[in-house]
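Notes to accompany the following structure.
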Amino acid sequence: MTMKTLKKMAFTSLLMVASMASAGLAMAEETIKVGVLHSLSGTMAISETTLKDTMLMLIEEQNKKGGVLGKKLEAVVVDPASNWPLFAEKARELVTKEGTDVIFGCWTSVSRKSVLPVIEELDSVLFYPVQYEGEESSKNVFYTGAAPNQQAIPAVDYLMNDIGVERWVLAGTDYVYPRTTNKILEAYLIAKGVDKKDIMINYTPFGHSDWQSIVSDIKKFGSAGKKTAVVSTINGDANVPFYKELGNQGISAEDIPVVAFSVGEEELSGLDTKPLVGHLAAWNYFMSVESDENEEFIEAWHKFIKDKKRVTNDPMEAHYIGFNMWVKAVEKAGTTDPKAVQEAMIGVAVPNLSGGFSAMMPNHHITKPVLIGEIQKDGQFDIVWETSGLVPGDAWSDFLPGSKDLISDWRAPMSCGNYNVKTKKCSGQNY
Amino acid sequence: MIVHYARPQMIRLLSWLLCLACLGFFQGGFAEVLNLDEAWNTLSKKSYSDKAEAIEAIVQQNPPEALPALKAMLEGQLFYAKSNKALFILREDGDNYLFTPLFGGNTATQENKRGYKKVRINNRLRVQIRQSLASMQLKHEDAAVRLEAVQELLKEPDEETAALIAPLVYEEQDGRVLSAMQTLLAIIQLEQGDEAAQASAIETLSSSLNPSALNALTEYKAPNGELEDSAQAAINKIEAQRDLYAVAETVFFGLSLGSVLALSAIGLAITFGVMGVINMAHGELMMIGAYTTYVVQLLMPNHIGLSIIVAIPAAFIVAGLVGVAIERGIIRFLYGRALETLLATFGISLILQQTVRSIFSPLNRSVETPQWMSGAWQINEVLALTWNRLYIIIFTLLVFTALLMVMKKSTLGLQVRAVSQNRAMARAMGVRSEWVDALTFGLGSGIAGMAGVALSLLTNVGPNLGQAYIIDSFMVVVFGGVGNLWGTLVAGMSLGVVNKVIEPWAGAVMAKILVLVFIILFIQKRPKGLFPQRGRAAED
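Keeping their order, the protein sequence lines are chains A and B. Taken in order, the first sequence gives residues 0 to 430; the numbers are from numbering that gives the first Met the number 0. Taken in order, the second sequence gives residues 0 to 539; the numbers are from numbering that gives the first Met the number 0.
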């Protein structure tokens, strides 16, 4: 054995000892792991990267306050790359390999549906921060985004009562969220006495970019003498060419207002907003909300992201609420054990960013105010209307024939996500 | 022209309108209104319904400040001081904000808007203000402004506006304004005149294309059968005309979609069609072109209109250089191995996407549309062609002609054709085939970059821009016939038109599917596309 190899061996063993020691140190300073499951590459990176950063900021802030249960929090970030099956794999990896007791993540409904069986099988906890179509209530998922009755229905009410809209265009991208939402809205409008002839429903493929004929159809539909509005569930990327075409064909918000459920501050930051002024969006939070909590949050966000121009949006607020609820529930339960947390979560109330409190309800949805904002030149929203109180999220819509009689209550003794009040049976089909 | 109005029915109309005018006057006289100071103060309050009342009061009393204040309010330029609620009009001058007091006084210059708050406005107020402004501008000296004003009033015609317009009809010189005014009067006449007046109103409305005219006729309840028949005939006449224009519109939509398809496919017609390289990164080269536009706009923020022109050669060069780099770095090792090329270029496309994500962030970037490209060319009240689409059609044709010239007339074109037809023979004749390969690929890539400039004005500038167009581009090239530039143009245009013809009755999703099915069937029948290559070049 030469001197060189000997030296090498000595060095390696030294390294090994050192690494073992550091591992020991880490063991001594035990952390609580928080899983963050948002796409950092691929199509959805555009929306989800921001949420990953929000989680990192919230965790950093909590650690500054001393962590939870005397332990520091540690974010475990994985990248499911906008690939739906990969979401399930990564969720399993987070729970079984990394040992996280809670996951904050997902954006699209498909990704959530893909994670659901895994999270139920492992009996973990997922916080889902995006507005969605409802018709779901899992024991293991907490829905901090809006259900249709917390976004779509109040928006339609506003248009009907305050603007006097009589003719409706329901335009959406062709997938589950718009289809379900539009089904609910159609049923709702018909229940309110709107004639079927006065409802036009239109679906377009993902990333649709040639809106000429659809916008021209909307224009024709809207020139029949009755006040017309577009309720848009058009998804992310397709919105830019849609609004551009509206502007070019000379349809202003005064003629035919468009109320959107997927266009927020972040989407507007990639858009020339001049032709959009006056169009509407319905959310539970706008960056322009005037409250102390919101000012603090925006300040912290700018400091964390080191960019004064970055905006905040509704799903970020949902994570803010969800994370604080989880912290409170863990402190209430005295442990991060998912089972205990699931029980402790119900009834927990934390401040939201619009100056009130949001509470977790037995159906795993939360109470939120609903705000309607008009787009301004600077890409911000001017709040023109808000619900007088908080609206509790409804897991199963009252306007769909199949789910009218269903309720969800995860408290013992019912403990059911899908209880039929007519047949008095729990089907167990939670999604 | 004037003699035309002195018919007996017009005299009847005049007497009827005089009554209307009286009615309008009395209505104005007795309504209870806020006093002017109160009204101005109310503007800085929060309630929108209070503001609506205030605006009404201001409009009725019409002080000299009303017009500038309402205009500013509409533009979001009306502010009030937080301290004393005094109203100011904001003007931006470079980086400075100039606050001019509405009621006279010294202009304050500030670097920010601190101390002032915007007078908030919502859609309802916008409509109200626009209508009020319209009635104030009916006597404006510019005919275009008058036309706009009348058309604004036409959206919600009522007795008061009719009373306002009635005396103006006799002074109006401009034909378009006049016909709009007559339409408005006829709508009110149809609702309230006697039977003879209704008959003449139907006649006037039957030659108007304005949607309000059609609506008035549709809702019209005729007192007798004769009038009902003539109203129905008028509706039929209007609808026949509208249908005709709808066909023209569909063709335009089709051509414009087609020109986008053709534009994004022309580059591919070179790299895939002529060179035979399956370049999956073609879409990303377009994306690079779009990002180049964004960067050029960042570099010249004060010349948005010019920046688009500058971006075209810039995008050609940037995308072209990237193309040459791809060819020299990877593709040249893979000639003749189609599958490997496909996989390698797919990998390149992913690398390019993620690079852009790292440099520019995954968020979309906004490219501002210059003034001369936004809005539409209003041919009449039903048919309007959007400027940006029109320019893109022209741009596509220019690019196509230029490329055709290069391929047919230049030395490079000759060499490209030589190499693609018989590489060995071309080399024997002294053509540097490798050099030609690189340049050809660069040319195709550069054109993709120019297509990116056009796309940046239509859709998102983001990392996923290319993916949306790659399938369509291949579709167009294969459908048109590989290796034939004319085929690409014709294929792009016809697919666009077919898509737009199907779309209204089948929906956007179904239209796309049907077009794909059609192409599959077509390729089954004619595997070489619309314009197959003939002669020796086609044999291998």
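Every residue gets a Cβ at the ideal spot worked out from N, C-alpha and C, and that includes glycine.
Three-state secondary structure (DSSP) of K32/A:
strand
In angstroms, rounded to a whole number, what distance separates the CA positions of M286/B and P116/A?
38 Å
Euclidean distance between Cα positions of T99/A and T272/A:
41 Å
Exposure of A252/A, with buried meaning 16 or more beta-carbon neighbours within 10 Å
The residue in question, A252/A, is buried, as its Cβ has 16 or more Cβ neighbours within 10 Å.
If you follow the beta strand (DSSP E) that S231/A is part of, which residue opens it and which one closes it?
T227 to T232
Cβ-Cβ distance between V475/B and F271/B below 8 Å:
no
How about the stretch 102-120 of chain A and the stretch 46-65 of chain A: do they share at least three Cβ pairs that are nearer than 8 Å?
Enough Cβ pairs lie closer than 8 Å, so yes.
Cα separation between S207/B and A162/B?
20 Å
Which runs of the alpha helix (DSSP H) spanning at least 4 residues fall entirely within the stretch 389-457 of chain B, listed in chain order?
Complete alpha helix (DSSP H) runs here, min 4: 410-420, 422-427 and 432-455.
G75/B CB to nearest chain A CB: under 8 Å?
yes
By how many angstroms is the C-alpha of V500/B removed from the C-alpha of E522/B?
Here the sequence assigns Ile to residue 522/B, which means Glu is not the residue at that position. The alpha-carbon atoms of I522/B and V500/B are separated by roughly 21 Å.
Per DSSP, what are the beta-bridge partners of H364/A in this structure?
The secondary-structure analysis by DSSP pairs H364/A across a beta bridge with Y142/A.
Within its chain, find whatever has a CB closer than 6 Å to the CB of G465/B; leave out the 5 residues flanking it on each side and keep chain order.
Contacts found: G282, E283, M285 and M286.
Out of A281/A, L352/A, D209/A and F241/A, which has the shortest C-alpha to C-alpha gap to D291/A?
The shortest Cα separation from D291/A among A281/A, L352/A, D209/A and F241/A belongs to L352/A.
Neighbourhood of P400/A by C-beta distance below 6 Å, restricted to the same chain and skipping five residues each side:
Nothing listed; no residue qualifies.
N61/B, enclosing alpha helix (DSSP H) - first and last residue:
Careful: N61/B lies outside any alpha helix (DSSP H) and carries neither H nor E.
Is F205/A helix, strand or coil by DSSP?
coil
Quick one, are the C-beta atoms of A165/B and L137/B less than 8 Å apart?
no
Got a sec, what are the start and stop residues for the beta strand (DSSP E) V75/A sits in?
K71 to V77
Rounded to a whole number of angstroms, what is the C-alpha to C-alpha distance between E140/B and T385/B?
28 Å
What in chain B is Cβ-close to Y242/A, meaning under 9 Å?
Within 9 Å Cβ-Cβ: nothing; Y242/A doesn't reach chain B, min ~11 Å.
Minimum Cβ-Cβ distance from K499/B to chain A less than 8 Å
Yes, contact with chain A.
At 7 Å on the CB atoms, spell out the chain A contacts of A467/B, in chain order.
Those within 7 Å of A467/B in chain A are G206 and S208.
With 8 Å set as the bound, which would you pick, yes or no: does the beta-carbon of V149/B sit closer than that to a beta-carbon of chain A?
no
Does any residue of chain B have a CB that is nearer than 8 Å to the CB of A259/A?
no
Secondary structure at G27/B, three-state DSSP: helix, strand or coil?
At G27/B, the pLDDT of 43 sits below 50, so the modelled position is not reliable and the matter cannot be decided from this model.
Near A85/B, what residues of its chain come up, given a Cβ to Cβ distance below 6 Å and the 5 sequence neighbours on each side ignored?
none
Beta carbon of S113/A nearer than 8 Å to that of A80/A
no
In the DSSP output, what is Y96/B paired with across the bridge?
E91/B and Q109/B
Check whether the Cβ of S599/B lies closer than 8 Å to any Cβ atom in chain A.
No answer is possible for residue 599/B: it lies beyond the span of chain B, which begins at 0 and ends at 539.
Could you tell me whether any Cβ in chain B is nearer than 8 Å to the Cβ of S108/A?
Interface residue (Cβ-Cβ distance to chain B less than 8 Å): S108/A is not classified as such.
Leaving out the 5 sequence neighbours to the left and right, which residues in its chain are closer than 8 Å to V497/B when beta-carbon positions are compared?
G253, V514 and F517
Could you check whether the stretch 282-298 of chain A touches the stretch 375-391 of chain A, counting it as contact only if at least three pairs of C-beta atoms, one from each stretch, sit closer than 8 Å?
yes
What residues are listed by DSSP as bridge partners for L279/A?
V258/A and E373/A
First and last residue of the uninterrupted beta strand (DSSP E) at N434/A
Since the displayed chain A opens at 0 and closes at 430, residue 434/A lies outside it and no answer follows.
Using 8 Å as the Cβ pair cut-off and three pairs as the minimum, do the stretch 73-92 of chain B and the stretch 112-123 of chain B touch?
yes
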